[in-house]
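What follows is a single structure, written as structure tokens, with notes after it.
Number of protein chains: 2
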Amino acid sequence: MAQAQKITPRAKDFSEWYGDVIMQAQLADYSPVRGCMVIRPHGYRMWELMQRALDDMIRETGHRNAYFPLFIPMSFFAKEAQHVEGFAKEVAVVTHTRLRATGKQGAEAIAVDPSSALEEPLVVRPTSETIIYAMFAKWIQSYRDLPLLLNQWANVVRWELRTRLFLRTTEFLWQEGHTAHVDEADAEREARLILGLYRRFAEEWMAMPVITGAKTESEKFAGALRTYALEALMQDNKALQAGTSHNLGQNFAKAFEVRYQTAAGGLEYVWNTSWGVTTRLIGALIMTHSDDNGLVAPPKLAPVQVAIVPIWKTDEEKQQLSAIGSRVKEDLEKAGLRVEFDARDNMKPGAKYFEWEGLGVPVRLEIGPRDLASGQVVLARRLGGKAPVPLQGVPASVTKALDEIQAALFAAARERREQNSIRGATKAQFIEFIKGRGGFAYGGFCGRGTCEAEIKQQTNATIRVLPDPEFRSKEAPKTCMWCGAPSIAEAVWAQAY
Amino acid sequence: MAQAQKITPRAKDFSEWYGDVIMQAQLADYSPVRGCMVIRPHGYRMWELMQRALDDMIRETGHRNAYFPLFIPMSFFAKEAQHVEGFAKEVAVVTHTRLRATGKQGAEAIAVDPSSALEEPLVVRPTSETIIYAMFAKWIQSYRDLPLLLNQWANVVRWELRTRLFLRTTEFLWQEGHTAHVDEADAEREARLILGLYRRFAEEWMAMPVITGAKTESEKFAGALRTYALEALMQDNKALQAGTSHNLGQNFAKAFEVRYQTAAGGLEYVWNTSWGVTTRLIGALIMTHSDDNGLVAPPKLAPVQVAIVPIWKTDEEKQQLSAIGSRVKEDLEKAGLRVEFDARDNMKPGAKYFEWEGLGVPVRLEIGPRDLASGQVVLARRLGGKAPVPLQGVPASVTKALDEIQAALFAAARERREQNSIRGATKAQFIEFIKGRGGFAYGGFCGRGTCEAEIKQQTNATIRVLPDPEFRSKEAPKTCMWCGAPSIAEAVWAQAY
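The listed protein sequences derive, respectively, from chains F and P.
Sequential numbering of the first sequence, starting at 17, is according to our numbering.
Sequential numbering of the second sequence, starting at 17, is according to our numbering.
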């Protein structure tokens, strides 16, 4: 259970607040390994709920789960030039396979056994394109084997210099989809399908609005033809990339010789896609909804959706309320809800309320002797609002409240995002906006990397996406917001995590 | 889909047969990384079904899932003497964090960047006692924090010299439970609880009979006070350890300073347990039930439980049977079953039967125009037996058949095990049995490691367990089967995987 502690207000220090919320809700903890975190039960349960929902969506669209090795032979990274450049500076490399006693004392009692050096070092996967496409080359013979639609849930390692719980950790958990297709159109359809699936997950499960679109050349995945992404706006007005979907073209197929016989008898390279979302989504969820009292979890992903807190003084009340509380819990569980009945004896109700709030539980039911006498319980919402509801219809009342909360969280987050977006700003307004309160800035883009680099250097803002049609401004911008040259596409800029 | 290929008969070469069954059912494949396998969708689905069932059981007994880092600082292994001795010779060690271009061509174009050496090497977890108990030391303050009951689903790495798909791979997937308790009795209760839970899973889900009991000193886990295990007998009469549950005593608590304040105000070391089962269980399942036609999957864990194969000749028949087949599939899915309707056009029914057999699908439904006319379909069982069942009640007929098959598999495996066990053999009979057809040999044991070592050296048999009461012979042996000294316990010997 969470320890009572003071949470730094968002307005005072957003980053401190973020860490405090995580500690208060016991979502994660720092580990003795630099940059690696421990995901504690409350946080891991949230990840499992995310996994379950996403996995169902991935399966329903015809993908199957598999599992590929953690290690990748170093030489595989030499095969796709951009890919190795993207990852060479942040990989954990296994070079030996034994330890030996040194005869010394304490921490120095043990050392790497130099006689156990590997002939070829192994890289701990930072992502699995290379090892998976090496297997695809073995499995794919003909057009009948296509499309091949696989997904894996796994841990990956990227040696990050600056790390932050959930947002950027040396090891993280994710799913990575890998597919092979007969042609570019089919690969493109897949990459877009998944982008839509991720968007649906973000909106419907996380209650987190996102902008979808394409990345520019400078921001795309190492080895991809095109990268699509979804971007969300956090409460500190910094953007967070919540997922990516890549059309890899034939780059990896050529590097790993993944070819298929066409219906006409020819031999062609396949087209690949890869796509993933990570435990970073938990960080996104925290920074989208939570407040100065701690975690706010959207009902669909809350490990505990309802906490029942009895208020008793006498032993007789305790007996009576224990029976009622257990029955209400059972009724709610029958309705498919995740419920805790907090019968702890060594805590006052107020302290329990505080604790469940910090844990982000959307609905609390308070049951006291007086309520009971009048055949009702008090339904309190995490974000405010208390009202008595009839004891008879508790599951219906709670389900309705959870649905309303889920919808309200999404609406509030979208409203906040729109209030923190500007469109059609001049260069001066743009600089003031980005360096000031921050947010999403929409504007024309000339398509030149030099403009992008200059903007980044002066404002620390990057193009998050070239947004998909439905997110674009009503009137297409005519000139580049920065240099005034003709605009080739509207872009969304922001400082980002 | 599986490629038709010839499976080596068990009688000819059991090991070849095992590999053939895996390849035919596309459960796994060899990877380019020595000793690491790829778990293909059909095999991974089986693992997911196992995970789901086991996870429910683990949760129901009050455990919560969490996730700890993949890497463990090398110095942690110096803290528990037996533990490091058990694992030092088989760990993957990360020593560097960057690659660099060499200017050479091909596979040599890339090398480890020597300037990226870590100050302290990191060990890829072979098991997580050390890192988890380091965290326990941070989280546990008082008796109120106990018991602490955690579990994690993760990949681990042990640098094995001789590897074999599922049975012994460098990387494997598992769950590892880690708990902390106030005293020895509570830790012992936990270790036994989990052993029982594993047994129930093996029997009820895998249809695999097991013997439970304690390991001898020489076979227990590195760092444990007592190790309990479950042992199953494969079709080649070799034993396979299917899971272990350890009472770790206070060994790790002392090494990692995990102490708690007692109710009386004193300070005590906690008592730990750890326990795990791995993807090895898939190998156990294969070698328990499968036959010369390929995989036999127990219905509860079969990725596909029912394959519907239509038999059509004309386009009219095809249209009619497609409609019926889809409806039957839907009905079966509504009944909670995992179903495929095999409407492929480029294969004859016989080839489809062969393929579904190799994949281990317990029940096949054949639907032809004639059956349809008489309002029935043919229900064929993977292990033999074909009978028409009325089209109206297909879900009931199939559910009944699956229940019968599950029960029959368990009964047959138990019968086989008993037929391949001997009790009360003399030393000469024991040697003949173990070196001959093999199996489980029950006999008295003097408790001396020298006897164990001699038996192992001469027969390659080890004590699998000192069996729990219900598995023991009616009459307790009085003397050691090997040396004739007084017996301290009955033991079960076998050659083992």
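The C-beta atom is built at its ideal place from N, Cα and C for all residues, glycine as well.
The region 315-333 of chain P and the region 63-75 of chain P touch, with no fewer than 3 CB-CB distances between them shorter than 8 Å.
Bridge partners of valine 54 of chain F according to DSSP: F/Asp45. Secondary structure note for glutamine 422 of chain P: its alpha helix (DSSP H) is the uninterrupted segment 410-435. Assignment of lysine 95 of chain P by DSSP, reduced to helix, strand and coil, places it in the coil class. Within the region 284-352 of chain P, the complete beta strand (DSSP E) segments at least 3 residues long are 287-294, 322-326, listed from N- to C-terminus. Among the CB atoms of chain F, none fall inside 8 Å of the CB of tyrosine 214 of chain P. For serine 132 of chain F, the secondary structure class from DSSP, reduced to helix, strand or coil, is helix. Contact annotation for alanine 359 of chain P against chain F: no contact, minimum CB-CB distance about 15 Å [criterion: below 7 Å]. Taking 8 Å as the Cβ-Cβ cut-off, the region 300-328 of chain F has no residue approaching chain P. Proximity of chain F to glutamate 187 of chain P at the Cβ level (cut-off 8 Å) is accounted for by Pro85, Leu86, Phe87, in chain order.
Against chain P, the CB of asparagine 436 of chain F has no partner CB under 8 Å away; the residue lies outside that interface.
Annotated three-state conformation of lysine 231 of chain P is coil, per DSSP.
Per DSSP, the continuous alpha helix (DSSP H) segment holding phenylalanine 152 of chain F begins and ends at 145-155. For isoleucine 55 of chain P, the closest Cβ of chain F is nearer than 8 Å. Between tyrosine 285 of chain F and isoleucine 156 of chain F, the C-beta gap is not smaller than 8 Å, which leaves the two residues out of contact. When P/Phe272, P/Ala108, P/Glu491, P/Arg114 are compared, the shortest CA-CA separation from leucine 115 of chain F is found for P/Ala108. Listed in chain order, the positions of the region 341-367 of chain P with a beta carbon within less than 7 Å of a beta carbon of chain F would be empty, since no residue qualifies. Taking the Cβ atoms as the reference, lysine 494 of chain P lies roughly 6 Å from glycine 460 of chain P, within the contact range of under 8 Å. Counting the other Cβ atoms within 10 Å of the Cβ of isoleucine 88 of chain P gives 16 or more, which makes it buried. Every unbroken stretch of the alpha helix (DSSP H) spanning 4 or more residues and falling wholly within the region 429-500 of chain F is given here in chain order: 443-451, 465-475. Distance between phenylalanine 217 of chain F and glutamate 371 of chain F, taken at the CA atoms: about 28 Å. By the neighbour-count criterion, in which 16 or more other beta carbons inside 10 Å mark a residue as buried, arginine 453 of chain F falls on the exposed side. Counting the other CB atoms within 10 Å of its CB gives asparagine 253 of chain P a total of 16 or more, which places it among the buried residues. Here the C-alpha atom of aspartate 419 of chain P lies approximately 41 Å from the C-alpha atom of threonine 289 of chain F. Identification of chain F residues near valine 173 of chain P by a Cβ-Cβ cut-off of 9 Å yields Leu86, Phe87, Val110, ordered along the chain.
In terms of beta-carbon proximity, tyrosine 60 of chain F lines the interface with chain P, with at least one pair separated by less than 8 Å.
In this structure, threonine 260 of chain P sits near tyrosine 244 of chain P, with a CB-CB distance shorter than 8 Å. The DSSP-derived three-state label of leucine 189 of chain F is strand. Per the Cβ contact rule, the region 49-61 of chain F is in contact with the region 171-186 of chain F (3 or more Cβ pairs under 8 Å).
Judged by DSSP secondary structure, proline 385 of chain P falls outside any beta strand (DSSP E) and instead within the alpha helix (DSSP H) spanning 385-389. Around the beta-carbon of aspartate 387 of chain F, 16 or more other beta-carbon atoms lie within 10 Å, marking it buried. By the Cβ rule, the region 262-278 of chain F counts as touching the region 134-150 of chain F, because three or more pairs are nearer than 8 Å. Interface annotation, isoleucine 471 of chain P: not in contact with chain F, CB-CB separation never under 8 Å. In this chain, lysine 28 of chain F is not harboured by any beta strand (DSSP E), its DSSP state being neither H nor E. For proline 130 of chain P, no chain F residue has a Cβ inside 7 Å of its Cβ, as the nearest lies near 11 Å away.
Distance check between proline 411 of chain P and each of P/Pro485, P/Glu468, P/Ala351 places P/Ala351 closest, using alpha-carbon atoms only.
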